[in-house]
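Single-structure report; data block below.
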Amino acid sequence: MRHLRQATGQITRSANDGIQAYRRVSQALAAEKAHVDADRAETERTRRELSRARARMLHALELASKRYPWAKPWEPDAKP
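Structure, rendered in structure tokens:
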């Protein structure tokens, strides 16, 4: 049980860290995009990479949710 609690805590911390990082980068990209002299191509490349990173994190959470057969399956949102 101790290992399960530790693993669950690590998963939760990773997910929370990912959410906070995603939020900060999303806000920074929106602010950058609003600048007149912003490099639109670079902000779009960064947005796509951020989207891919989000999808990888959601995939990892989905895989982790299937490691506990007694838990209700987690249904991820549609891919961005």
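Using the working numbering, read the sequence shown as starting at 359 and increasing by one per residue.
Glycine included, C-beta positions come from ideal geometry on N, C-alpha and C.
All values reported here derive from a predicted model rather than from experimental measurement.
Proximal residues to Leu387 (C-beta, below 8 Å), its chain only, five neighbours per side dropped: When the five nearest sequence neighbours on each side are left out, the beta carbons in the same chain lying within less than 8 Å of the beta carbon of Leu387 are those of Thr401, Thr404, Arg405 and Leu408, in order along the chain.
Quick check on Ala396: does DSSP put it in helix, strand or coil? coil
Going by C-alpha to C-alpha distance, which of Gln364, Trp428, Arg398 and Arg371 sits closest to Met415? Arg371
Are the beta-carbon atoms of Glu390 and Ala396 separated by less than 8 Å? yes
Thinking C-alpha only, which one of His417, Arg363 and Arg360 is nearest Gly376? Of the residues His417, Arg363 and Arg360, the one whose Cα lies closest to the Cα of Gly376 is His417.
Going by beta carbon distance, what residues of the same chain come within less than 6 Å of Ile521, once the five residues before and after it are set aside? Lying before the first or after the last residue shown, residue 521 is absent from the chain, which here runs from 359 to 438.
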